[in-house]
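Asker:
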Ligand SMILES: Cc1cc2nc3c(=O)[nH]c(=O)nc-3n(C[C@H](O)[C@H](O)[C@H](O)COP(=O)(O)OP(=O)(O)OC[C@H]3O[C@@H](n4cnc5c(N)ncnc54)[C@H](O)[C@@H]3O)c2cc1C
Ligand code: SF4
Ligand code: SF4
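Protein chains in written order, with the working numbering: chain A, 8 to 477; chain B, 2 to 460.
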């Protein structure tokens with residue numbers, strides 16, 4: 008018997024390896040780490056008790072979307088942690104298979120919410136991916152090149168990123184996109200990627216710096232806050248940033264928004280580039296006058312979840328550790344902040360509106376923020392919040408997961424859409440750009456009209472109506 | 002041997018998912034039990050009784066040991082592979098096949114998740130009471146194999162009280178169905194009952210026919226807070242002596258309370274020495290009266306406060322928090338070694354005191370919680386397996402606790418089974434003759450010893 012053949016037989020039943028081969032060979036690829044001086048150790052340097060904290064009870068298994076799909080332990084939090092531990096114990100190397108597994112994990116952190124033992128899976132996961140990148144187990148020229156361009160090139164240079172964003176907008180506005188689609192040029196792409204072109208986000212004509220002034224305030228502000236514009240949010244959903252500033256203004260804040268902001272580095276940290284992530288963190292911290300701000304506000308769940316970990320990321324950096332710790336304390340998700348200061352209810356007449364709420368993983372699992380966005384929505388006159396079944400189940404966007412693992416991502420997207428449609432609403436609120444795009448795309452695939460909006464945009468709309476009325 | 006088995010299985014069952022890479026096998030080398038680990042040679046995921054039977058037959062021919070696994074939440078090492086074994090994981094045989102509302106039964110594949118069974122029953126307005134702490138992931142087959150208890154054991158009993166029939170693959174590869182939908186049946190030996198609690202050593206359960214009961218009309222949940230552990234234990238004894246049988250009487254000590262509260266944030270009193278979670282269900286009038294009497298008894302025996310859950314959500318939040326007790330304890334120390342000592346309920350206060358003293362004597366940290374209404378305690382050592390000196394003290398303390406439980410007329414394990422972890426203590430808990438009969442039974446069902454060998458006892 009040929010074992011290789013046998014495992015092929017089995018893998019056809021398992022969505023994991025087939026999609027992985029493609030995925031890992033393209034985007035989630037290591038810049039080999041050659042010559043990088045690391046202040047971030049690998050699994051072996053980790054405090055062993057963090058790994059031991061997992062007492063393998065299995066309570067996290069039913070909440071893990073990848074385990075749910077395959078019912079195989081390797082694709083579960085408990086299984087993944089056992090592999091990390093095997094590496095820390097020197098029983099196994101960071102093999103290619105290990106690397107692929109770490110990139111099959113969504114990083115959705117549902118397991119963290121479920122884990123009674125308090126295992127910090129998110130931290131383990133970042134260290135493990137970084138280990139994979141350092142080992143070079145997934146290296147190949149194409150993956151390296153793409154990663155290098157994206158993670159080290161594009162997403163470390165905010166001005167360049169905006170330029171590309173403008174290009175993207177031009178491409179769509181000029182009709183190039185239409186031509187591409189009509190001529191079915193995407194047929195030239197490898198099969199796994201044909202779906203991708205239709206996913207290319209719709210960029211806005213304007214960026215945050217065009218529509219938000221560096222300092223804005225109404226009379227007698229009670230709070231002074233810094234505003235993070237994000238990068239994906241900035242290019243694709245800059246209106247959400249404007250809405251956030253408007254909501255902050257309506258709630259008595261003076262808002263400081265530095266014109267040029269680097270990427271927060273979450274993309275890098277989640278993709279094994281902890282050094283670059285640290286670099287970006289330092290630069291971002293430096294662009295705010297931390298001492299004189301009450302809070303730094305983010306409206307993107309994925310960024311927020313990472314931004315709150317700057318304290319740990321830079322704890323080994325003597326020059327920045329104190330600032331980073333302070334940063335982590337002041338960093339607030341917009342819903343969290345509004346809930347703390349008390350949301351001012353919009354004074355508008357109630358127009359009936361049924362809305363459901365999809366919880367971004369990095370808000371509900373990553374930051375444990377679940378009540379506050381609901382409070383925001385419920386503060387809007389006339390808005391009826393219809394609870395979404397499985398609201399905390401990942402939608403499959405997961406950073407760039409929908410690009411690297413198209414099959415798993417599509418299954419999750421379909422499941423999410425089914426749940427949304429079951430509520431019978433025409434608007435779904437969500438607070439993360441990745442989820443936002445994933446839902447828009449999902450609705451399009453399902454051939455349904457569905458409004459996708461940030462909760463803060465809905466609130467901003469209510470405040471604007473207020474002005475019109477009175 | 003395994004090579005021959007692999008090629009046989011591959012030829013006959015090419016569609017069965019299989020795992021044989023190191024990275025795939027490591028996650029199957031342990032279960033919920035601390036400190037035990039052995040690698041399997043192969044993991045297979047059969048999807049029907051026929052496939053299980055065929056694989057067992059192949060294994061018999063090749064002399065390869067077969068270890069059955071549900072979700073691997075076992076706490077005695079039952080599903081940990083033995084050297085050179087193949088693991089049959091039933092996680093893909095997870096369908097609920099039938100809810101029979103006329104006969105109040107439910108038929109499920111053995112890999113069905115316990116919570117899914119309970120939910121399916123509830124959808125039909127019925128009730129499947131056994132609710133082990135692990136119910137959201139444990140399999141019904143694993144529950145049968147361990148005869149698992151839960152939080153409602155006091156009033157509703159344990160898994161065996163709900164098993165009406167089983168489909169079982171025998172070591173020979175033959176498939177039997179034992180039991181039926183009849184409430185009464187004395188036609189011959191009750192083979193069904195032999196498989197319950199047999200930990201995968203006598204046969205592989207592939208289907209389970211369960212008894213359901215009507216859903217109780219109401220329930221009420223109380224939390225009684227105590228300044229000493231003994232007063233909680235005495236309250237339990239007093240409730241039982243007053244001939245009240247609530248469905249739940251769960252105990253948490255101070256260490257456990259704080260760990261659970263860290264996780265669940267449901268407002269447990271962090272400064273209490275112990276709490277009892279009490280639930281009564283049934284007819285509204287009876288429930289109200291029982292709740293009042295129990296609150297009164299708790300106060301008489303030293304409860305500093307008794308709170309009533311005001312909403313169903315609050316009540317279920319408390320139950321969910323309690324289910325997290327064991328895993329939450331892992332917050333304190335790297336290794337959590339949990340015991341399952343069980344004593345007659347009149348002896349609870351003595352047992353609790355002895356556990357405390359033993360911890361002090363050996364300078365060990367212990368968190369204790371458990372199904373106190375069943376006399377079933379889970380003293381849990383909070384330790385570090387890398388600290389060999391401390392681990393030695395844990396072993397000594399463990400043995401003393403077992404011996405004491407047995408001397409009170411109790412047992413070494415109330416619900417987690419013997420598996421690997423309690424093997425050396427089994428002798429103390431049962432007579433030689435009992436053990437000898439068990440061995441004879443094992444060899445009658447599995448003469449070649451291929452089903453989960455060297456679990457419970459050595460052949
Ligand atoms: C957090 C936590 C809480 C728990 N709470 C409780 C509790 O309240 N009460 C309680 O009793 N237990 C409890 N347990 C223990 C455990 O969950 C139960 O023993 C459960 O029944 C095991 O189910 P499983 O599917 O995980 O079985 P596994 O761990 O996979 O297997 C357990 C044993 O059953 C055998 N087996 C499994 N499936 C079959 C089958 N189909 N046919 C034959 N043999 C089979 C295995 O070989 C093994 O010997 C808890 C465990 C954890 C981790
Ligand atoms: S991660 Fe947490 S919930 Fe999952 S197995 Fe480990 S301890 Fe249990
Ligand atoms: S992060 Fe999500 S996908 Fe990854 S192990 Fe945890 S629950 Fe599973």
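Glycine residues also receive a C-beta, built at the ideal position from the N, C-alpha and C atoms.
Taking contact to mean 3 or more Cβ pairs, one atom from each stretch, closer than 8 Å, check whether the segment 430 to 446 of chain A and the segment 363 to 372 of chain A are in contact.
Answerer: Touching, yes.
Asker: Is it buried or exposed for residue 122/B, if we count other Cβ within 10 angstroms and need 16 for buried?
Answerer: Buried: at least 16 other Cβ atoms inside 10 Å.
Asker: Just to confirm the assignment, what range does the alpha helix (DSSP H) spanning residue 404/B have?
Answerer: Per DSSP, residue 404/B belongs to the alpha helix (DSSP H) from 389 to 408.
Asker: I want to see whether chain B comes within less than 9 Å of residue 98/A, judged by CB atoms only; does it?
Answerer: True, the Cβ-Cβ gap to chain B drops below 9 Å.
Asker: Please report how far the alpha carbon of residue 194/A lies from the alpha carbon of residue 251/A, in whole angstroms.
Answerer: Residue confidence for residue 194/A is low, a pLDDT of 47 falling below 50, so the modelled location carries little weight and cannot support an answer.
Asker: Run down chain B in chain order and give the residues with a C-beta less than 7 Å from the C-beta of residue 78/A.
Answerer: The answer, in chain order, is 92, 93.
Asker: With burial defined as no fewer than 16 other Cβ atoms inside 10 Å of the residue's Cβ, what is the status of residue 190/B: buried or exposed?
Answerer: Result: exposed.
Asker: Is residue 1/B helix, strand or coil by DSSP?
Answerer: Past the edges of chain B, shown from 2 to 460, lies residue 1/B, and the structure says nothing about it.
Asker: Taking 8 Å as the limit between beta carbons, can you name the residues of its chain near residue 265/A, skipping five residues before and five after?
Answerer: The answer, listed in chain order, is 221, 233, 294, 295.
Asker: Please state the DSSP three-state secondary structure of residue 37/A.
Answerer: Any reading at residue 37/A must be qualified, since the residue scores a pLDDT of 31, below 50, and its modelled position is unreliable; the value itself is stated next. Note: residue 37/A maps to coil in three-state DSSP.
Asker: Chain B beta carbons: is any one of them nearer than 9 Å to that of residue 49/A?
Answerer: False, the Cβ-Cβ gap to chain B never drops below 9 Å.
Asker: Quick check: the Cα distance between residue 469/A and residue 371/A, rounded to an integer number of angstroms?
Answerer: Roughly 25 Å separates the two Cα atoms.
Asker: For chain B, check one thing: does any of its Cβ atoms lie closer than 9 Å to the Cβ of residue 108/A?
Answerer: Yes, its Cβ sits closer than 9 Å to a Cβ of chain B.
Asker: Give me the residue from 357/B, 414/B, 335/B, 104/B with the minimum Cα distance to residue 367/B.
Answerer: Nearest C-alpha to residue 367/B: 357/B.
Asker: Closer than 9 Å, Cβ to any Cβ of chain B: which residues of the segment 332 to 354 of chain A, in chain order?
Answerer: Answer in chain order: no residues at all.
Asker: Please report the Cβ distance between residue 338/A and residue 303/A, rounded to the nearest whole angstrom; I am assuming they are in contact, meaning their Cβ atoms lie under 8 Å.
Answerer: Rounded, the Cβ-Cβ distance is 5 Å, consistent with contact.
Asker: Any idea what DSSP makes of residue 272/A, helix, strand or coil?
Answerer: Three-state DSSP puts residue 272/A in coil, outside helix and strand.
Asker: Please check the pair residue 96/B and residue 84/B, which I expect to be a contact at CB under 8 Å, by giving their CB distance rounded to whole angstroms.
Answerer: Incorrect: roughly 33 Å between the Cβ atoms, too far for contact.
Asker: Do we get a CB-CB distance below 9 Å when we pair residue 3/B with the residues of chain A?
Answerer: Output row for residue 3/B: interface = no.
Asker: Report the neighbours of residue 93/A on chain B: residues whose CB is nearer than 8 Å to its CB, in chain order.
Answerer: Residues of chain B passing the Cβ test: 27.
Asker: If you run the structure through DSSP and keep just helix, strand and coil, what is residue 210/B?
Answerer: Three-state DSSP puts residue 210/B in a strand.
Asker: Can you tell me whether residue 310/B is buried or exposed? The criterion is at least 16 other CB atoms within 10 Å of its CB, across all chains shown.
Answerer: Buried.
Asker: Ligand 1 and residue 66/A: does the residue's C-beta get closer than 8 Å to at least one heavy atom of that ligand?
Answerer: Under cutoff, so the answer is yes.
Asker: Taking the DSSP output, what are the residues bridged to residue 279/B?
Answerer: 223/B, 250/B.
Asker: Just how far apart, CA to CA, sit residue 370/B and residue 125/A?
Answerer: Approximately 19 Å, taken between the alpha carbons.
Asker: Flag residue 32/B as yes if its beta-carbon sits less than 9 Å from any beta-carbon of chain A, otherwise no.
Answerer: With 9 Å as the cut-off, residue 32/B counts as an interface residue toward chain A.
Asker: With residue 66/A as the anchor, note down where its alpha helix (DSSP H) starts and where it stops.
Answerer: Where residue 66/A is concerned, there is no enclosing alpha helix (DSSP H), given that its DSSP letter is neither H nor E.
Asker: Near residue 27/B, which residues of its chain fall below 8 Å by C-beta distance, leaving aside the five closest residues on each side in sequence?
Answerer: So the list reads 40, once near-sequence residues are dropped.
Asker: Looking at the unbroken beta strand (DSSP E) that takes in residue 1/B, where does it start and where does it end?
Answerer: Residue 1/B lies beyond the residue range present for chain B, which begins at 2 and ends at 460; the question has no answer from this structure.
Asker: May I ask you to list the residues that DSSP assigns as paired with residue 381/B?
Answerer: Its beta-bridge partners are 339/B, 368/B.
Asker: Below 9 Å between beta carbons: does that hold for residue 423/A and residue 449/A?
Answerer: It is a contact, given that the beta carbons lie within the stated cut-off.
Asker: For chain A, is any of its Cβ atoms less than 9 Å away from the one on residue 239/B?
Answerer: No, residue 239/B lies away from the interface with chain A (no Cβ there is under 9 Å from its Cβ).
Asker: Is any heavy atom in ligand 2 found nearer than 8 Å to the beta carbon of residue 88/A?
Answerer: Yes.
Asker: Using three-state DSSP, classify residue 413/B as helix, strand or coil.
Answerer: Three-state DSSP puts residue 413/B in coil, outside helix and strand.
Asker: Considering only residues of the same chain and omitting the five flanking positions on each side of residue 11/B, which have a CB-CB separation below 7 Å?
Answerer: Closer than 7 Å at Cβ, skipping near neighbours: no residue.
Asker: Counting only runs of 4+ residues fully inside the segment 296 to 348 of chain B, write out the alpha helix (DSSP H) ranges in chain order.
Answerer: Within the segment 296 to 348 of chain B, the complete alpha helix (DSSP H) runs of at least 4 residues are 313 to 324, 326 to 329.
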